[in-house]
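Take a look at the structure below.
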Amino acid sequence: MGLANARNNGNASNHFLGVELDTIVNAEFGDMSDNHVGIDVDGLAFVNMSLLSRTAARVWVAFDPRTSLVNVTMAPLELPKPKTPLLSSAVNLSAVIEDEAYVGFSSTGVVASRHYVLAWSFKMDGAAPSLNVLALAIAVLVIHRRRRKYAELKEDWEVAFGPHLFSYKDLFRATNGFSDERLLGFGGFGRVYKEVLPVSRVEIAVKVSQESRQGMKEFIAEVVSIGQLRHRNLVQLLGYCRRKDELLLVYDYMPNGSLDKHLYAENRLVMSWTQRFRIIKGVASSILYLHQDWEQVVLHGDIKTSNVLLDAEMNCRLGDFSLARLPLAPELGHTGRPSKASDIFAFGLFMLEVTCGRRRGHVLLVDTVLEHWRQETVTDAVDPRLQGDFAVEEASLELKLCLL
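At position 5 of the sequence shown the residue is numbered 17 (our numbering), and the sequence of numbers has no breaks.
Put into C-alpha coordinates, the structure is as follows:
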(Lines of atoms letter the chains of each structure in order from A and count residues from 1; the text may use other names and numbers.)
(Lines give C-alpha, C1' and ligand atoms only; values in the text may rest on other atoms or scores of the structure.)
Protein backbone atom coordinates (compact mmCIF):
# COMPACT_ATOMS: atom_id res chain seq x y z
CA MET A 1 0.00 0.00 0.00
CA GLY A 2 2.98 2.29 0.15
CA LEU A 3 2.82 2.29 3.98
CA ALA A 4 5.08 -0.61 4.89
CA ASN A 5 7.45 -3.00 3.20
CA ALA A 6 9.04 -6.32 4.08
CA ARG A 7 11.91 -4.62 5.95
CA ASN A 8 10.02 -2.11 8.12
CA ASN A 9 6.71 -3.92 8.64
CA GLY A 10 5.83 -3.83 12.37
CA ASN A 11 8.48 -1.27 13.38
CA ALA A 12 7.29 1.09 16.14
CA SER A 13 9.16 3.91 14.44
CA ASN A 14 6.72 3.85 11.50
CA HIS A 15 4.07 5.86 13.38
CA PHE A 16 1.10 5.18 11.14
CA LEU A 17 -2.44 3.97 11.59
CA GLY A 18 -4.20 2.70 8.49
CA VAL A 19 -7.36 0.94 7.42
CA GLU A 20 -6.95 -1.07 4.26
CA LEU A 21 -9.57 -2.31 1.81
CA ASP A 22 -7.35 -4.80 0.04
CA THR A 23 -7.94 -6.75 -3.19
CA ILE A 24 -4.27 -7.66 -3.73
CA VAL A 25 -2.37 -10.50 -2.04
CA ASN A 26 0.97 -9.48 -0.50
CA ALA A 27 2.59 -12.71 0.68
CA GLU A 28 5.39 -10.81 2.45
CA PHE A 29 2.80 -9.29 4.83
CA GLY A 30 0.99 -12.58 5.43
CA ASP A 31 -2.21 -11.53 3.63
CA MET A 32 -4.95 -14.10 4.22
CA SER A 33 -6.54 -13.51 0.80
CA ASP A 34 -6.99 -11.01 -2.02
CA ASN A 35 -10.26 -9.83 -0.47
CA HIS A 36 -10.00 -8.42 3.05
CA VAL A 37 -10.21 -5.44 5.39
CA GLY A 38 -7.32 -4.66 7.70
CA ILE A 39 -6.32 -2.34 10.55
CA ASP A 40 -2.67 -1.48 10.26
CA VAL A 41 -0.79 -0.17 13.30
CA ASP A 42 2.85 0.15 12.27
CA GLY A 43 2.17 -3.20 10.56
CA LEU A 44 -0.67 -5.11 8.91
CA ALA A 45 -3.52 -7.28 10.35
CA PHE A 46 -6.68 -8.38 8.53
CA VAL A 47 -10.16 -9.89 8.41
CA ASN A 48 -11.81 -11.46 5.34
CA MET A 49 -14.45 -9.33 3.63
CA SER A 50 -15.99 -9.36 0.15
CA LEU A 51 -14.70 -6.29 -1.69
CA LEU A 52 -14.97 -7.50 -5.30
CA SER A 53 -18.75 -7.29 -5.74
CA ARG A 54 -18.58 -4.04 -7.78
CA THR A 55 -21.19 -2.48 -5.46
CA ALA A 56 -20.83 0.85 -3.66
CA ALA A 57 -20.22 0.76 0.06
CA ARG A 58 -19.68 3.08 3.02
CA VAL A 59 -16.91 2.65 5.58
CA TRP A 60 -16.82 4.20 9.04
CA VAL A 61 -13.52 4.42 10.93
CA ALA A 62 -13.73 5.66 14.53
CA PHE A 63 -11.50 5.72 17.59
CA ASP A 64 -13.15 5.39 20.99
CA PRO A 65 -10.85 6.96 23.62
CA ARG A 66 -12.78 5.32 26.48
CA THR A 67 -11.98 1.81 25.25
CA SER A 68 -8.90 2.64 23.10
CA LEU A 69 -10.55 0.73 20.24
CA VAL A 70 -10.32 1.53 16.56
CA ASN A 71 -13.58 0.33 15.04
CA VAL A 72 -14.10 -0.26 11.33
CA THR A 73 -17.70 -0.61 10.18
CA MET A 74 -18.80 -1.31 6.62
CA ALA A 75 -22.16 -1.56 4.85
CA PRO A 76 -23.69 -1.23 1.38
CA LEU A 77 -24.34 2.38 0.40
CA GLU A 78 -28.11 2.18 0.75
CA LEU A 79 -28.08 0.67 4.29
CA PRO A 80 -27.59 2.48 7.63
CA LYS A 81 -24.51 2.04 9.77
CA PRO A 82 -24.50 -1.37 11.50
CA LYS A 83 -24.43 -1.41 15.29
CA THR A 84 -21.62 -3.96 15.40
CA PRO A 85 -18.24 -3.05 13.88
CA LEU A 86 -16.76 -5.29 11.21
CA LEU A 87 -13.31 -5.13 12.79
CA SER A 88 -11.96 -3.71 16.07
CA SER A 89 -8.44 -3.37 17.38
CA ALA A 90 -7.06 -1.99 20.63
CA VAL A 91 -4.61 0.81 19.84
CA ASN A 92 -2.60 3.14 22.07
CA LEU A 93 -2.86 6.14 19.76
CA SER A 94 -0.55 8.30 21.88
CA ALA A 95 2.27 5.87 21.15
CA VAL A 96 1.43 5.56 17.45
CA ILE A 97 0.42 9.02 16.25
CA GLU A 98 2.87 11.86 16.69
CA ASP A 99 1.95 15.47 17.43
CA GLU A 100 1.89 16.29 13.71
CA ALA A 101 0.13 13.78 11.43
CA TYR A 102 -1.59 13.62 8.06
CA VAL A 103 -4.89 12.10 6.94
CA GLY A 104 -5.19 10.75 3.41
CA PHE A 105 -5.28 7.81 1.01
CA SER A 106 -2.62 5.42 -0.23
CA SER A 107 -2.41 3.38 -3.42
CA THR A 108 -1.94 -0.35 -3.97
CA GLY A 109 1.74 0.01 -4.88
CA VAL A 110 3.15 -1.61 -8.03
CA VAL A 111 0.01 -3.67 -8.84
CA ALA A 112 -2.95 -1.92 -10.48
CA SER A 113 -6.37 -2.07 -8.81
CA ARG A 114 -9.29 0.19 -9.72
CA HIS A 115 -11.36 1.73 -6.92
CA TYR A 116 -13.28 4.99 -6.62
CA VAL A 117 -13.37 7.24 -3.54
CA LEU A 118 -16.69 9.00 -4.09
CA ALA A 119 -16.62 11.17 -0.95
CA TRP A 120 -15.14 11.30 2.51
CA SER A 121 -15.34 13.37 5.68
CA PHE A 122 -13.15 13.72 8.80
CA LYS A 123 -13.39 15.33 12.23
CA MET A 124 -11.38 15.26 15.43
CA ASP A 125 -13.12 15.16 18.81
CA GLY A 126 -16.53 14.25 17.46
CA ALA A 127 -18.52 12.52 14.75
CA ALA A 128 -17.57 13.28 11.15
CA PRO A 129 -20.18 15.15 9.06
CA SER A 130 -22.72 12.90 7.35
CA LEU A 131 -22.36 12.31 3.62
CA ASN A 132 -25.08 12.95 1.06
CA VAL A 133 -26.18 9.41 0.23
CA LEU A 134 -28.31 10.56 -2.71
CA ALA A 135 -25.38 12.36 -4.30
CA LEU A 136 -23.23 9.29 -3.79
CA ALA A 137 -25.86 7.08 -5.41
CA ILE A 138 -25.93 9.37 -8.45
CA ALA A 139 -22.13 9.24 -8.67
CA VAL A 140 -22.24 5.43 -8.53
CA LEU A 141 -24.84 5.38 -11.33
CA VAL A 142 -22.68 7.63 -13.52
CA ILE A 143 -19.62 5.43 -12.99
CA HIS A 144 -21.66 2.28 -13.67
CA ARG A 145 -22.92 3.69 -16.95
CA ARG A 146 -19.42 4.66 -17.99
CA ARG A 147 -18.24 1.14 -17.25
CA ARG A 148 -21.06 -0.34 -19.31
CA LYS A 149 -20.24 2.03 -22.16
CA TYR A 150 -16.72 0.64 -22.41
CA ALA A 151 -17.49 -2.86 -21.11
CA GLU A 152 -15.52 -5.71 -22.67
CA LEU A 153 -16.68 -9.18 -21.65
CA LYS A 154 -13.75 -11.56 -21.99
CA GLU A 155 -14.23 -15.29 -22.25
CA ASP A 156 -11.80 -17.77 -20.69
CA TRP A 157 -10.49 -18.77 -24.11
CA GLU A 158 -9.47 -15.16 -24.82
CA VAL A 159 -6.72 -15.25 -22.19
CA ALA A 160 -4.35 -16.89 -24.68
CA PHE A 161 -4.97 -14.03 -27.12
CA GLY A 162 -4.10 -11.33 -24.57
CA PRO A 163 -1.16 -9.74 -26.44
CA HIS A 164 -3.47 -9.15 -29.42
CA LEU A 165 -6.27 -7.59 -27.38
CA PHE A 166 -6.89 -3.82 -27.57
CA SER A 167 -8.93 -1.82 -25.08
CA TYR A 168 -12.30 -0.69 -26.44
CA LYS A 169 -12.02 2.42 -24.27
CA ASP A 170 -8.73 3.43 -25.94
CA LEU A 171 -10.10 2.80 -29.45
CA PHE A 172 -13.33 4.66 -28.66
CA ARG A 173 -11.51 7.72 -27.41
CA ALA A 174 -8.93 7.72 -30.20
CA THR A 175 -11.72 8.00 -32.80
CA ASN A 176 -13.76 10.56 -30.84
CA GLY A 177 -16.45 7.95 -30.33
CA PHE A 178 -16.10 6.54 -33.88
CA SER A 179 -17.15 9.88 -35.32
CA ASP A 180 -17.67 10.45 -39.03
CA GLU A 181 -14.65 12.78 -38.99
CA ARG A 182 -12.39 9.75 -38.49
CA LEU A 183 -14.24 7.52 -40.96
CA LEU A 184 -12.01 6.44 -43.86
CA GLY A 185 -14.62 4.42 -45.71
CA PHE A 186 -16.32 1.05 -45.90
CA GLY A 187 -14.65 -2.27 -46.65
CA GLY A 188 -15.71 -5.87 -47.03
CA PHE A 189 -15.44 -6.30 -43.25
CA GLY A 190 -17.20 -3.08 -42.23
CA ARG A 191 -16.53 0.56 -41.42
CA VAL A 192 -12.89 1.70 -41.35
CA TYR A 193 -11.60 4.48 -39.07
CA LYS A 194 -8.28 6.20 -38.66
CA GLU A 195 -6.92 6.46 -35.12
CA VAL A 196 -3.82 7.67 -33.31
CA LEU A 197 -2.93 5.68 -30.20
CA PRO A 198 -2.73 8.08 -27.23
CA VAL A 199 0.64 7.04 -25.78
CA SER A 200 2.73 5.84 -28.72
CA ARG A 201 1.12 8.28 -31.22
CA VAL A 202 1.18 5.45 -33.78
CA GLU A 203 -1.38 5.78 -36.57
CA ILE A 204 -3.64 2.77 -36.97
CA ALA A 205 -6.69 1.77 -38.98
CA VAL A 206 -9.63 0.15 -37.17
CA LYS A 207 -12.25 -1.92 -38.98
CA VAL A 208 -15.57 -2.35 -37.20
CA SER A 209 -18.11 -5.09 -37.84
CA GLN A 210 -21.37 -5.86 -36.05
CA GLU A 211 -21.35 -9.57 -36.75
CA SER A 212 -19.25 -12.53 -37.88
CA ARG A 213 -20.13 -15.28 -40.33
CA GLN A 214 -18.61 -17.87 -38.03
CA GLY A 215 -18.37 -18.64 -34.34
CA MET A 216 -16.76 -15.89 -32.27
CA LYS A 217 -14.07 -18.15 -30.85
CA GLU A 218 -13.13 -19.52 -34.26
CA PHE A 219 -13.16 -16.05 -35.79
CA ILE A 220 -10.82 -14.56 -33.19
CA ALA A 221 -8.54 -17.61 -33.40
CA GLU A 222 -8.26 -16.91 -37.13
CA VAL A 223 -7.62 -13.22 -36.50
CA VAL A 224 -4.82 -13.97 -34.03
CA SER A 225 -3.33 -16.51 -36.44
CA ILE A 226 -3.30 -13.93 -39.22
CA GLY A 227 -1.76 -11.45 -36.78
CA GLN A 228 1.33 -13.68 -36.70
CA LEU A 229 1.99 -13.18 -40.42
CA ARG A 230 5.04 -11.05 -41.20
CA HIS A 231 5.73 -9.91 -44.75
CA ARG A 232 6.74 -6.55 -46.20
CA ASN A 233 3.81 -6.66 -48.65
CA LEU A 234 1.08 -7.58 -46.17
CA VAL A 235 -0.86 -5.08 -44.07
CA GLN A 236 0.11 -5.89 -40.50
CA LEU A 237 -2.84 -6.96 -38.34
CA LEU A 238 -1.93 -5.64 -34.89
CA GLY A 239 -4.79 -7.12 -32.90
CA TYR A 240 -8.49 -7.01 -32.18
CA CYS A 241 -11.11 -5.85 -29.72
CA ARG A 242 -14.43 -7.54 -28.97
CA ARG A 243 -17.37 -5.80 -27.34
CA LYS A 244 -20.55 -7.88 -27.20
CA ASP A 245 -21.28 -8.78 -30.84
CA GLU A 246 -19.06 -6.01 -32.21
CA LEU A 247 -15.61 -6.85 -33.56
CA LEU A 248 -12.83 -4.35 -34.14
CA LEU A 249 -9.69 -5.24 -36.08
CA VAL A 250 -6.62 -3.04 -35.65
CA TYR A 251 -4.17 -2.63 -38.55
CA ASP A 252 -1.19 -0.53 -39.52
CA TYR A 253 -2.48 2.66 -41.12
CA MET A 254 -1.70 3.09 -44.84
CA PRO A 255 -1.66 6.85 -45.55
CA ASN A 256 -1.97 6.58 -49.35
CA GLY A 257 -5.13 4.52 -49.25
CA SER A 258 -6.17 1.78 -51.66
CA LEU A 259 -4.68 1.14 -55.10
CA ASP A 260 -8.00 1.46 -56.96
CA LYS A 261 -8.25 5.15 -56.01
CA HIS A 262 -4.89 5.83 -57.64
CA LEU A 263 -5.64 3.76 -60.73
CA TYR A 264 -9.08 5.11 -61.55
CA ALA A 265 -9.47 8.54 -59.96
CA GLU A 266 -9.57 11.27 -62.58
CA ASN A 267 -8.02 13.94 -60.34
CA ARG A 268 -4.82 11.98 -59.59
CA LEU A 269 -1.60 11.64 -61.53
CA VAL A 270 -1.43 8.58 -63.78
CA MET A 271 0.55 5.83 -62.09
CA SER A 272 3.78 5.11 -63.91
CA TRP A 273 4.62 1.68 -65.31
CA THR A 274 7.48 1.36 -62.81
CA GLN A 275 5.04 1.84 -59.92
CA ARG A 276 2.55 -0.63 -61.36
CA PHE A 277 5.14 -3.29 -62.04
CA ARG A 278 6.57 -2.97 -58.53
CA ILE A 279 3.07 -3.31 -57.04
CA ILE A 280 2.29 -6.42 -59.11
CA LYS A 281 5.55 -8.05 -57.99
CA GLY A 282 4.84 -7.11 -54.37
CA VAL A 283 1.36 -8.65 -54.40
CA ALA A 284 2.74 -11.77 -56.10
CA SER A 285 5.37 -12.05 -53.36
CA SER A 286 2.74 -11.74 -50.63
CA ILE A 287 0.58 -14.48 -52.22
CA LEU A 288 3.60 -16.79 -52.44
CA TYR A 289 4.21 -16.18 -48.73
CA LEU A 290 0.58 -16.93 -47.83
CA HIS A 291 0.36 -20.05 -49.99
CA GLN A 292 3.79 -21.55 -49.56
CA ASP A 293 6.36 -19.79 -47.37
CA TRP A 294 4.47 -19.51 -44.07
CA GLU A 295 4.04 -22.45 -41.69
CA GLN A 296 0.51 -23.14 -42.95
CA VAL A 297 -1.47 -22.22 -46.05
CA VAL A 298 -3.47 -18.97 -45.75
CA LEU A 299 -6.04 -18.25 -48.45
CA HIS A 300 -6.65 -14.58 -49.09
CA GLY A 301 -10.12 -14.87 -50.58
CA ASP A 302 -10.53 -11.41 -52.11
CA ILE A 303 -7.52 -10.20 -54.12
CA LYS A 304 -8.43 -6.98 -55.91
CA THR A 305 -7.18 -3.42 -56.27
CA SER A 306 -9.33 -2.05 -53.43
CA ASN A 307 -7.70 -4.52 -51.03
CA VAL A 308 -4.17 -3.48 -51.95
CA LEU A 309 -3.11 -0.52 -49.81
CA LEU A 310 -0.20 1.88 -50.26
CA ASP A 311 2.07 3.14 -47.49
CA ALA A 312 3.78 6.53 -47.29
CA GLU A 313 6.42 5.44 -49.86
CA MET A 314 3.78 3.95 -52.22
CA ASN A 315 4.85 0.42 -51.36
CA CYS A 316 1.96 -2.03 -51.69
CA ARG A 317 0.45 -4.03 -48.82
CA LEU A 318 -2.17 -6.72 -49.40
CA GLY A 319 -4.93 -6.59 -46.79
CA ASP A 320 -8.37 -7.95 -45.85
CA PHE A 321 -7.27 -11.57 -46.26
CA SER A 322 -9.74 -14.27 -45.24
CA LEU A 323 -12.09 -11.68 -43.76
CA ALA A 324 -14.05 -10.49 -46.80
CA ARG A 325 -16.16 -11.82 -49.66
CA LEU A 326 -14.86 -14.64 -51.80
CA PRO A 327 -13.54 -14.11 -55.35
CA LEU A 328 -15.64 -15.32 -58.24
CA ALA A 329 -13.33 -18.06 -59.49
CA PRO A 330 -15.08 -20.63 -61.71
CA GLU A 331 -14.56 -23.60 -59.38
CA LEU A 332 -16.30 -21.77 -56.53
CA GLY A 333 -19.57 -22.36 -58.29
CA HIS A 334 -19.02 -26.08 -57.69
CA THR A 335 -17.30 -26.24 -54.31
CA GLY A 336 -18.34 -22.94 -52.72
CA ARG A 337 -14.94 -22.79 -51.01
CA PRO A 338 -11.81 -20.71 -51.73
CA SER A 339 -8.59 -22.41 -52.76
CA LYS A 340 -5.12 -21.58 -53.98
CA ALA A 341 -6.52 -21.71 -57.52
CA SER A 342 -9.22 -19.17 -56.70
CA ASP A 343 -6.60 -16.80 -55.28
CA ILE A 344 -4.48 -17.19 -58.42
CA PHE A 345 -7.53 -16.57 -60.59
CA ALA A 346 -8.24 -13.36 -58.66
CA PHE A 347 -4.59 -12.34 -58.95
CA GLY A 348 -4.80 -12.75 -62.76
CA LEU A 349 -7.74 -10.35 -62.84
CA PHE A 350 -5.79 -8.00 -60.55
CA MET A 351 -2.84 -7.94 -63.00
CA LEU A 352 -5.22 -7.15 -65.86
CA GLU A 353 -6.70 -4.23 -63.91
CA VAL A 354 -3.30 -2.76 -63.04
CA THR A 355 -1.81 -3.24 -66.52
CA CYS A 356 -4.82 -2.18 -68.57
CA GLY A 357 -6.09 0.53 -66.21
CA ARG A 358 -9.62 -0.87 -66.34
CA ARG A 359 -11.79 -2.37 -63.63
CA ARG A 360 -12.35 -6.12 -63.72
CA GLY A 361 -16.04 -5.52 -64.35
CA HIS A 362 -15.25 -3.68 -67.59
CA VAL A 363 -17.11 -5.20 -70.52
CA LEU A 364 -15.04 -7.82 -72.40
CA LEU A 365 -11.76 -6.91 -70.65
CA VAL A 366 -10.45 -10.49 -70.79
CA ASP A 367 -11.82 -11.01 -74.32
CA THR A 368 -10.14 -7.82 -75.49
CA VAL A 369 -6.74 -8.87 -74.15
CA LEU A 370 -7.19 -12.36 -75.56
CA GLU A 371 -7.99 -10.98 -79.00
CA HIS A 372 -4.86 -8.75 -78.91
CA TRP A 373 -2.80 -11.79 -77.95
CA ARG A 374 -4.13 -13.77 -80.90
CA GLN A 375 -3.23 -10.91 -83.21
CA GLU A 376 0.21 -10.61 -81.59
CA THR A 377 -0.55 -7.06 -80.45
CA VAL A 378 -1.05 -7.86 -76.78
CA THR A 379 0.72 -4.71 -75.55
CA ASP A 380 -1.97 -2.62 -77.25
CA ALA A 381 -4.13 -3.55 -74.26
CA VAL A 382 -1.85 -1.64 -71.87
CA ASP A 383 -3.40 1.43 -70.23
CA PRO A 384 -3.46 4.09 -73.01
CA ARG A 385 -2.91 6.84 -70.42
CA LEU A 386 0.71 5.69 -70.18
CA GLN A 387 1.13 6.89 -73.79
CA GLY A 388 3.50 4.06 -74.59
CA ASP A 389 5.82 4.78 -71.67
CA PHE A 390 6.22 1.22 -70.36
CA ALA A 391 8.56 -1.75 -70.60
CA VAL A 392 7.25 -3.79 -73.51
CA GLU A 393 8.72 -7.14 -72.41
CA GLU A 394 7.38 -6.79 -68.85
CA ALA A 395 3.91 -5.77 -70.02
CA SER A 396 3.79 -8.54 -72.61
CA LEU A 397 4.80 -11.16 -70.05
CA GLU A 398 2.21 -9.98 -67.54
CA LEU A 399 -0.67 -9.97 -70.00
CA LYS A 400 0.20 -13.42 -71.25
CA LEU A 401 0.34 -14.72 -67.67
CA CYS A 402 -3.11 -13.27 -67.05
CA LEU A 403 -4.53 -15.38 -69.88
CA LEU A 404 -3.12 -18.70 -68.66
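Backbone N, C-alpha and C define an ideal beta-carbon position, used for all residues, glycine too.
All values reported here derive from a predicted model rather than from experimental measurement.
Task: Where the alpha helix (DSSP H) containing LEU364 begins and where it ends - done: 352-368
TODO: Drop a sphere of 10 angstroms on the beta-carbon of MET86, count the other beta-carbons inside from all chains shown, and report buried for 16 or more, exposed for fewer.
DONE: buried
Open item on the list: Once the 5 residues before and after PRO97 are set aside, which same chain residues still bring their CB inside 7 Å of it?
Closed with: ASN83, VAL84, THR85
Open item on the list: Quick check on PRO88: does DSSP put it in helix, strand or coil?
Closed with: strand
- [ ] Look at LEU411 and VAL390 and say whether their C-beta atoms are less than 9 Å apart.
- [x] yes
TODO: Kindly list the residues whose CB is nearer than 6 Å to the CB of VAL310, restricted to its own chain and excluding five residues on each side of it in sequence; keep chain order.
DONE: LEU302
Task: Straight-line Cα distance separating GLY30 from ARG203 - done: 51 Å
Open item on the list: Output needed for MET283: all residues of its chain with C-beta closer than 7 Å, excluding positions within five of it in sequence on either side, in chain order.
Closed with: HIS274, LEU275
- [ ] Count the other CB atoms, across all protein chains shown, that sit within 10 Å of the CB of SER298; report buried if there are 16 or more and exposed otherwise.
- [x] buried
- [ ] Assuming CYS368 contacts ASP395 (C-beta within less than 8 Å), just tell me the rounded distance between them.
- [x] 6 Å
Open item on the list: Restricting to Cα atoms, I'd like to know which of ASP332, THR317, SER221, TRP285 is closest to ALA2.
Closed with: The chain is shown only over 13 to 416; residue 2 falls outside these bounds and no answer can be derived.
Task: DSSP-derived helix/strand/coil call for GLU410 - done: helix
TODO: Please confirm whether LEU321 and LEU250 have their CB atoms less than 9 Å apart.
DONE: no
Open item on the list: One question on the structure: do ARG244 and ASN327 come within less than 9 Å of each other, judged by their Cβ atoms?
Closed with: yes
- [ ] Could you tell me how far apart the beta carbons of ILE315 and ASP264 are, in whole angstroms, since I believe they sit closer than 8 Å?
- [x] Not confirmed; about 19 Å, so no contact.
Open item on the list: Between which two residues does the alpha helix (DSSP H) holding SER298 run?
Closed with: 285-300
Open item on the list: Within 10 Å of its beta-carbon, does LYS219 have 16 or more other beta-carbons around it, so buried, or fewer, so exposed?
Closed with: buried
TODO: Would you tell me roughly how many angstroms separate the C-alpha atoms of LEU183 and ASP323, rounded to the nearest one?
DONE: 22 Å
Task: Three-state secondary structure (DSSP) of SER106 - done: helix
- [ ] Starting from the Cα of SER118, find the closest Cα among VAL108, SER237, VAL129 and give me that residue.
- [x] VAL129
Open item on the list: Between the alpha carbons of LEU417 and ASN188, how many angstroms are there, rounded?
Closed with: An answer regarding residue 417 cannot be provided, because it is not within the stretch 13 to 416 covered by the chain.
Open item on the list: I'd like to confirm something about GLU258: is its beta-carbon nearer than 8 Å to some heavy atom of the ligand SAM, or not?
Closed with: The model on display carries no ligand, and the ligand SAM is accordingly not part of it.
Open item on the list: Quick check on DSSP: helix, strand or coil for SER318?
Closed with: helix
TODO: Buried or exposed for GLU32, please, with buried defined as at least 16 other CB atoms from any protein chain shown within 10 angstroms of its CB.
DONE: buried
Open item on the list: Bridge partners for SER101 per DSSP, in chain order?
Closed with: VAL82
Task: C-alpha gap between ALA296 and LEU376, whole angstroms - done: 24 Å
Open item on the list: Just verifying my parser: in three-state terms, what is the DSSP assignment at ASP395?
Closed with: coil
- [ ] Assuming VAL247 contacts ARG329 (C-beta within less than 8 Å), just tell me the rounded distance between them.
- [x] 4 Å
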